[in-house]
C-alpha cells in the first residue's frame, strides 16, 4: 500500500523537523500535530515548552515547527513474508526529489533530524564534517560527534550550496532509554526550538 502524503500546514515556520514517517495517530487524525495525539500532547509538548499551558504550547509548536518525513508516501508496509505489517524503509530516491526543494524554499534557521533515516539524505556533508569513513555515518557516530564537539551539524541539501544548522536525535520511541549522547542531543534541540520560538513571537 502506498498512501497519500500527510503534509504540514505552512505558517512561515523557522524550524524544519524531519522524521521517518507520520505516527498511526497522525494518520487516524489526518493531522501531523494534534492534541488528540496523546504522545504529542502529554509527552512531547511539555518537554519542549514546559512553562506553557498545553494549548499555548501547541500553538507555539505549530507556528515554529514545520514537520516533514523521509517517507512521505507512508504508510508503505510489507504485505507478506516475515516482515508483514512492518514499515518499509524510506526510498531515498523518492525523498531526494522533495526534501531539497522544501529546504531551499523554506531556508530554515535550524533542522532537527530524528532517527537514522533522516540523516541519510545529508550523508555526504555529515560524513565530511565528522570525518567518518562510512558512506552513511551511523546515528550513534553522529550523536557522539555532536556531544564531543559541543556543536551542531552543518548539512547541505543535494540542491544548492547553502549549509544549514542541524542536530540529529534518536527516534522518539527510544526516549525512555537514551544514552548520554542522546539526552544531550534532545536537550540541545529543546533549547534551540524554545529560543527560536521566543525570537519569532517577539518580532511579531
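Numbering (this note's numbering), first residue to last: 1 to 204.
Beta carbons are placed, not taken as given, at the ideal position from N, Cα and C, and that holds for glycine.
Top-ranked residue by Cα proximity to residue i, from the options
i, options, result
"residue 70", "17, 174, 130", "17"
"residue 14", "172, 164, 171, 20", "164"
"residue 255", "103, 137, 132, 20", "For the chain, the structure presents residues 1 to 204; residue 255 sits outside this window and is missing."
"residue 157", "106, 188, 131", "106"
"residue 187", "50, 8, 199, 141", "50"
"residue 180", "9, 141, 54", "141"
Whole-Å CB distance - residue i paired with residue j, under 8 angstroms assumed
i, j, result
"residue 168", "residue 119", "5 angstroms"
"residue 111", "residue 155", "7 angstroms"
"residue 96", "residue 121", "7 angstroms"
"residue 166", "residue 178", "The pair is not a contact, with the Cβ atoms about 19 angstroms apart (cut-off 8 angstroms)."
Distance between residue j and residue i (C-alpha atoms, nearest Å)
i, j, result
"residue 202", "residue 134", "42 angstroms"
"residue 171", "residue 56", "25 angstroms"
"residue 190", "residue 66", "15 angstroms"
"residue 6", "residue 22", "8 angstroms"
"residue 145", "residue 192", "18 angstroms"
"residue 2", "residue 113", "Here residue 2 scores only 48 on pLDDT, less than 50, and its place in the model is too uncertain to base an answer on."
"residue 130", "residue 40", "32 angstroms"
"residue 47", "residue 174", "15 angstroms"
"residue 43", "residue 160", "36 angstroms"
"residue 108", "residue 45", "21 angstroms"
"residue 52", "residue 37", "18 angstroms"
7 angstroms Cβ cutoff, residue i in contact with chain B
i, result
"residue 150", "Here chain B cannot be found, since the structure has a single protein chain."
C-beta atoms of residue i and residue j nearer than 7 angstroms
i, j, result
"residue 68", "residue 197", "no"
"residue 63", "residue 127", "no"
"residue 194", "residue 117", "no"
"residue 58", "residue 32", "no"
"residue 139", "residue 182", "no"
"residue 124", "residue 184", "no"
- Segments of 3+ residues assigned as beta strand (DSSP E) that fall wholly inside the segment 16-61: none
- Task: Jot down the residue ranges of each uninterrupted alpha helix (DSSP H) in the segment 98-171, minimum 4 residues, whole runs only, in chain order.
- Result: 116-120, 123-130, 139-149
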